[in-house]
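Note sheet for the following structure.
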Amino acid sequence: MSQASEGRDLRLTQVEKQFAAFTAVHPLDLVVPQGTFFALLGPSGCGKTTTLRMVAGLETPTAGTISIGDAEITYEKPYKRPVNTVFQNYALFPHLTIVDNVAFGLKRRGVRDTRKQVADMLELVELTTQATKKPAQLSGGQQQRVALARALINHPEVLLLDEPLGALDLKLRRAMQLELKRIQIEVGLTFVHVTHDQEEAMTMADTIAVMNAGRVEQMGSPAELYENPQTTFVANFLGQSNLIAGAVQETGNGVVRVDMHGTAVSIPAERAHVNAGKAWVGIRPEKVLIAPAGEPIDAPGNHMRGAVIVDTSFIGVSTQYVVRMPWGQELTVFEQNTGARGVMAPGTTVDVSWRPEFAFLLDANQDVNAGTEEE
Ligand SMILES: Nc1ncnc2c1ncn2[C@@H]1O[C@H](COP(=O)(O)OP(=O)(O)OP(=O)(O)O)[C@@H](O)[C@H]1O
Ligand SMILES: [Mg+2]
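With the sequence shown counted from 1, adding 21 to any position gets you my numbering.
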């Protein structure tokens, strides 16, 4: 069913939105390649819905242009755009059956025989057996899939999803994430998905744009963003990071050498987003290795002694430690429970280490707590 028409990328060029004196979206450049799953991720109020509404035509940009392929749609009427939206409160028609809900868009456009298309759609979202029910007789996840079928039957080029799973409980949400991804691959349409749930964005998206206060802080694949964040906000909002104060000593030979409280650490140049002065050395908790003082650590790296465990949380698949470093800072360490070692109790003196290629280096002028929950 996917159409191989090339070059129908969704393109936002210097798109801006002001409400009176308030700028909800600062000039924004985005290209969403045709047929990809794109996520706009960010905290409440960062401008995700406003961006989506401009693409849908429900909000007019203050400046900039929006186009799909060669066609500019910046000021096109919403119903004339090859775009459909699925909202969080997907508002199915309660008095209509599932079949009639899904057929709605076709009927409104005067399509007489909708049976085949509706049957195909119900099969796609695996609701064939529910066809004659009313929405109230379905579960939340099933209703969500009806909303999806109702949008997809119009064959939009771009499907916009604004927190479509927000009303579902956690387990159902996880199941629907995989389902949505399967459907996107099957139909091959461009999906733009808005969420403030980083795990949701990482599970589904080919590309994530992390938004903060009306700006895109970083854009890339989930792995790129996670492994090589460029700002403290991205480092903290997408997963967790340890950020340690350091000072750049020298650069060269593809690395940036940093003094970190007396330990010399080397950060690969492509992961160093500052190369002079003060900096934050970033390392993800699962990249930090830990062992009782003096015992070997199974990886050569930046080795630091004299840390003390201050908190131990056993959570089954892993143990999460908080360790106090000699300079007083507490770091978070995740250790997978391979069974190789027992759980270490608070008070244990430990060595910690990480491989230098896993660290990243950020500008010290950025707020170290940006993007954390306590912020
Ligand atoms: N019609 C409007 N008039 C004035 N301000 C608005 C209007 N719509 C949105 N805003 C403001 O613009 C900012 C961005 O809003 P938006 O709805 O895009 O956020 P969001 O990222 O979708 O947040 P959430 O995750 O809570 O849905 C907010 O500060 C909001 O108060
Ligand atoms: Mg919103």
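All C-beta atoms, glycine included, are put in the ideal place defined by N, C-alpha and C.
- Note: residue 59 is bridge-paired with 213, 228 in the DSSP secondary-structure output.
- In the three-state reduction of the DSSP assignment, residue 288 falls in the strand class, which pools E and B.
- Between ligand 1 and residue 374, a heavy atom-to-CB distance of less than 8 angstroms is absent.
- In the assembly as shown, residue 45 is a buried residue. Its beta-carbon has 16 or more other beta-carbons within 10 Å.
- Residue 331 has its Cβ no nearer than 8 angstroms to any heavy atom of ligand 2.
- Burial is judged here by how many other beta carbons sit within 10 angstroms of a residue's own beta carbon; residue 270 has fewer than 16 and is exposed.
- If you ignore the 5 residues before and after residue 93, its C-beta comes within less than 8 angstroms of the C-beta of 86, 87, all in its own chain and listed in chain order.
- In this model, residue 58 and residue 306 are separated by some 28 angstroms (Cα to Cα).
- Burial of residue 69 is indicated by the presence of at least 16 other C-beta atoms within 10 angstroms of its C-beta.
- By a beta-carbon distance limit of 8 angstroms, residue 61 does not contact residue 295. Their separation comes to about 27 angstroms.
- Between the segment 149–169 and the segment 124–135, the count of Cβ pairs shorter than 8 angstroms is below three; the stretches do not touch.
- The chain-ordered list of residues whose CB is nearer than 7 angstroms to some heavy atom of ligand 2 reads 69, 70, 183, 184, 215.
- In this structure the segment 26–37 does not touch the segment 201–209; the number of beta carbon pairs closer than 8 angstroms is below three.
- Cβ atoms of residue 268 and residue 280 come within 8 angstroms of each other, at about 5 angstroms.
- Partner residues in the beta bridge of residue 311, as assigned by DSSP, are 373.
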